[in-house]
Amino acid sequence: MPRVPTPSWRCLPALLLGSALLALPVAFARAPEAPAPVAGTSVHDAALGRPQGAAIASAHAEATAAGMAVLRAGGNAFDAAVAVSATLGLVEPESSGLGGGGFFLLRRASDGHTVFIDARERAPLAATRDMYLDPATGQPKPRATIDGALAAAIPGQPAALVHVAENFGRLPLRESLAPAIRLAERGWRFGEKNLAMLGWRKEALRADPGAAALFLVDGEAPRLGARMRNPDYAATLRLLAEYGHDGFYRGPMAQRLVDAVRAAGGIWTLDDLAQYRVVERRPLVFQHRGMSIVTAPPPSSGGIALAQTLQILDGYDWAAKNPTQRLHLRVEAMRRAYRDRAVYLGDPDFVTVPVERLVHPAYAAGLRAGIHLQRATPSDLLPGIAALPERPDTTHFSIVDAEGNLAAVTQTVNLPFGNAMVVPGTGFLLNNEMDDFSIKPGVPNAFGLVGKEANAIEPGKRPLSSMTPTLVIGPERVAVIGTPGGSRIISMVIQALLDFEAGADARAIVAAPRLHHQYLPDHILVEPGSLDPAIRAALEAKGHTVKEETRSWGNMQVVIWHRADGRTEAGADPRWEAVGKGATSEAGGIFR
C-alpha cells in the first residue's frame, strides 16, 4: 500500500536532552497478596490553566469524530475516551476491541489527580505455567498462544469503559457509547489498514466460523471501501450501557463467552469473568529537564524503560555530540533498558518489581558507566534472553479537552485480529494476550520479547506489556503521547519525548523517522530511506549492525496544549489512516 514519504535524519537541527550501584535482586519473591488499588498521584498541584479548545488524535476518522461529538454534547475528555475507545474497537478490530484490554492514563484538571487504569487481560484461573509446552519435547506448541480459544486471556476493555465513565466521566455511559452504536448499525468503510492486516491473518479468520462470517465475504477479504456493518457489536455495547460491568462479566453474555471458548478448547470459566476488575495504579512519575513525565507503571514495561533511557542520556553533554554520537548513545541506552525489561519486570500483583531502584539516577549512572563512546556493546555481553521481530498491532489515542483534562489510552487485542475467534452474536474478536507471558524462559514470543520468571504464567496474572501511554507536563507545553507497535512502542515514545523537548510540534513528532533497538536481536532497525548513508556507515564503524525495514511502523497519536495562549494541536501519524482534530501548526525540523 502507498506510504507517506519518511523524512531523513540527514537534514534535521539539534536537540538538548536531559534528565537520570544499586544492587538488584537476582530473583523475585512472590508478593504475599495482591495490593489494593491505589489512588492516583497529583502532578503539578498548581493549575495548568485552560486550553482554548479540545484536541483529539486517534487512528481513525470515525473514532476522532465520535470523541468530538461527545465533547460537543457536554462530555469531558474521559467521556470522549470511552467514545473513541468503543469506536476504534469497531472500525479497527485488528488492533483493539471489547475482547482485549488496555491502559488508560488520565489526569483530572480540577485537582491534578492522575491515575493509571490497568485494564490488562488476566490469565484464566485454570492456566498453568507450562500449559503451552509439548509434554514430549518440552518445547512450545506451534501457534498455541496465537490462534484459537486457548490463546485468549480474560478481557479488560469492557470493564475499563464502565469504570472510566462511572468514576471520571460526566455523561451517562449510554451517551458516550452512542456514536459507536450508531456507526455499528449504520456502517463504515473498510479501509487500507483493515485490508493490510486482514491479508496477514486471513487463514486464521477463515478457520473460525464467527470470524469468517463477520470479516470475510465468501472466504475472502472485503473490497477496499466496502461498507461494513456489525449489529452484534451494537447489541453488546447496549448491554454495557444498560447493565454496566455485569452486562459483560455476568449473565447471558458471560455464559455465551464461556460456552463458546470451552467448546473450542479453551479454559475460561464464569468465575474468570465474574472476578475481573480493573486496577487503579499510581503512575510512574519522574522529572526530565523541568518537565514532569507521567507514564505507565508495571505491568507495563514502558515507563521504567523510558525513565532509564532518559536518565542514562542525562549524563552526556548532548549539545557537544554529533548526529552519529547521539544515535549511538541512544541505542546503547535502549539496549540496557530493554535488557532490564526482560529480566526484572512482571505483574506487580504477583512479583516484587524493584521500580524505585530501576528508575533511580544512581542505577542509571551505573548503566551509563558501561557505555563506550566509540564502540557498540555486544548484547550477548549483557546477560539476558533472545528476541525476534514483531508485527504491527494495538492502537492509541490522545485527548485534551477545553477544561485541561488529559487522556492517553493504548488498547490492544495483541496480534492483528487477536486470536482470530469471534463468539457468534457478540460482534468482537477475542485477544491472544497469553502470548505476552513467558511461555518458556529463553524462547521469544510473537513480538520478539520473552521475560524470565517474573513474567511466567500464573492463574489470574496480567502479562507484561510494552504499551506506554504518556503525559508530559512542562512549563510551556503539555503533551499527550502514545503509539502501537509491540516492543517498538517504547523506543517510539522515547523518540517522541526527545522531539517534544526540542520544540517539535505534534505533526512533526508523529511524522519523524524511527529507529529501534531492543537488546536482542542485536541490530538497529530503521525505516525505509530514513538514515543518511554517512551516519549509517559511522554507526557500523562503531560495531552496530543496521537493518533497514521494508515498511514503516507505528501509528503515533499526539496532542499538545500551549499553556501561554491555550492553543491546542493534534498530530495523527501519516503512516496509516489516523486523524487528529485541533489547531495544528506547520511541521518543523527536528533532530534526535
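No gaps in the numbering here: position 55 of the sequence shown is 1404 in the working numbering, and each next residue is one more. Glycine is no exception: its CB is placed at the ideal position from the N, C-alpha and C atoms.
Separation of residue j from residue i, as counted between CA atoms
i: D2003; j: V1511; result: Coverage of the chain is limited to positions 1350 through 1941, which leaves residue 2003 absent and any answer about it impossible.
i: L1716; j: V1692; result: 15 Å
i: Q1604; j: L1847; result: 48 Å
i: L1778; j: I1839; result: 26 Å
i: G1652; j: R1690; result: 10 Å
i: A1527; j: E1752; result: 23 Å
i: G1615; j: L1482; result: 15 Å
i: A1498; j: N1768; result: 7 Å
i: F1746; j: E1807; result: 31 Å
i: A1686; j: A1711; result: 14 Å
i: Q1906; j: A1803; result: 31 Å
i: R1399; j: L1420; result: 15 Å
i: A1396; j: H1462; result: 12 Å
i: V1680; j: Q1674; result: 10 Å
i: T1819; j: G1915; result: 20 Å
i: D1922; j: A1408; result: 8 Å
i: G1536; j: P1647; result: 38 Å
i: G1446; j: L1722; result: 45 Å
i: T1917; j: A1845; result: 17 Å
i: P1558; j: G1568; result: 10 Å
i: A1560; j: G1449; result: 15 Å
i: V1704; j: R1531; result: 44 Å
i: L1737; j: R1706; result: Residue confidence is low: L1737 scores 35 on pLDDT, short of 50, so the model does not pin down where it sits. No coordinate-derived value is stated.
i: A1493; j: A1501; result: 10 Å
i: R1576; j: V1702; result: 47 Å
i: V1772; j: L1606; result: 6 Å
i: C1360; j: D1666; result: Per-residue confidence for C1360 stands at a pLDDT of 31, beneath the threshold of 50, marking its modelled position as unreliable; no derived number is given.
i: G1831; j: A1485; result: 43 Å
Endpoints, the beta strand (DSSP E) within which residue i is located
i: S1641; result: M1640 to T1644
i: E1918; result: T1917 to A1921
i: G1969; result: Within the shown structure, residues of the chain are numbered from 1350 to 1941, placing residue 1969 beyond reach of any answer.
i: E1897; result: V1895 to E1897
i: A1828; result: R1826 to G1831
i: I1405; result: A1404 to S1407
7 Å Cβ cutoff met for residue i and residue j
i: F1427; j: P1507; result: no
i: V1628; j: W1617; result: no
i: G1416; j: A1435; result: no
i: A1529; j: L1455; result: no
i: A1514; j: V1433; result: no
i: T1743; j: S1525; result: no
i: E1850; j: P1812; result: no
i: E1441; j: N1780; result: no
i: A1718; j: H1893; result: no
Residue nearest to residue i in terms of C-alpha spacing, selected from the options
i: W1910; options: V1829, V1771, P1870 and V1708; result: V1829
i: P1833; options: L1437, V1634, A1418 and G1424; result: L1437
i: T1644; options: A1415, K1896 and S1815; result: S1815
i: M1480; options: L1755, I1788, F1517 and R1885; result: I1788
i: R1538; options: W1549, N1579 and G1548; result: N1579
i: L1589; options: E1876, L1633, R1523 and A1529; result: R1523
i: I1843; options: H1865, G1823 and G1835; result: H1865
i: D1595; options: R1626, A1613 and P1571; result: R1626
i: I1822; options: I1884, H1637 and S1901; result: H1637
i: I1405; options: V1875, L1755, P1882 and G1852; result: L1755
i: N1425; options: P1824, G1518, R1900 and F1452; result: G1518
i: I1884; options: P1672, V1702, R1576 and A1545; result: P1672
i: L1730; options: M1783, A1422, L1439 and P1870; result: P1870
i: M1713; options: A1656, R1688 and I1748; result: The question names Met, but residue 1713 in the sequence shown is Ala. If we check each option's Cα against that of A1713, A1656 comes out closest.
i: E1825; options: W1667, T1894, V1895 and S1641; result: S1641
i: V1908; options: A1853, T1894, V1875 and A1890; result: A1853
i: R1572; options: R1555, K1542 and G1593; result: K1542
i: P1877; options: S1901, Q1760, L1694 and A1757; result: S1901
i: E1552; options: P1601, G1505 and D1496; result: D1496
Endpoints, the alpha helix (DSSP H) within which residue i is located
i: H1594; result: Taken as a continuous stretch (DSSP letters only), H1594 belongs to no alpha helix (DSSP H), as it is neither H nor E.
i: E1681; result: P1672 to Y1693
i: K1551; result: E1541 to R1555
i: I1873; result: No alpha helix (DSSP H) contains I1873, which is instead part of the beta strand (DSSP E) from I1873 to V1875.
i: F1849; result: I1838 to E1850
i: I1661; result: G1651 to L1662
i: N1516; result: Q1506 to N1516
i: M1417; result: A1410 to R1421
i: L1439; result: A1426 to V1440
i: I1858; result: A1855 to A1860
Bridge partner(s) assigned by DSSP for residue i
i: F1699; result: Looking at the DSSP assignment, F1699 forms no beta bridge with any residue, so it has no partner.
i: F1465; result: L1454 and R1630
i: L1755; result: R1456 and V1749
i: H1911; result: R1826
i: Q1760; result: G1451 and T1744
Proximity test, residue i beta-carbon vs the ligand NAP heavy atom, cut-off 6 Å
i: N1904; result: With respect to the ligand NAP, the structure shown offers nothing to examine, as it has no ligands at all.
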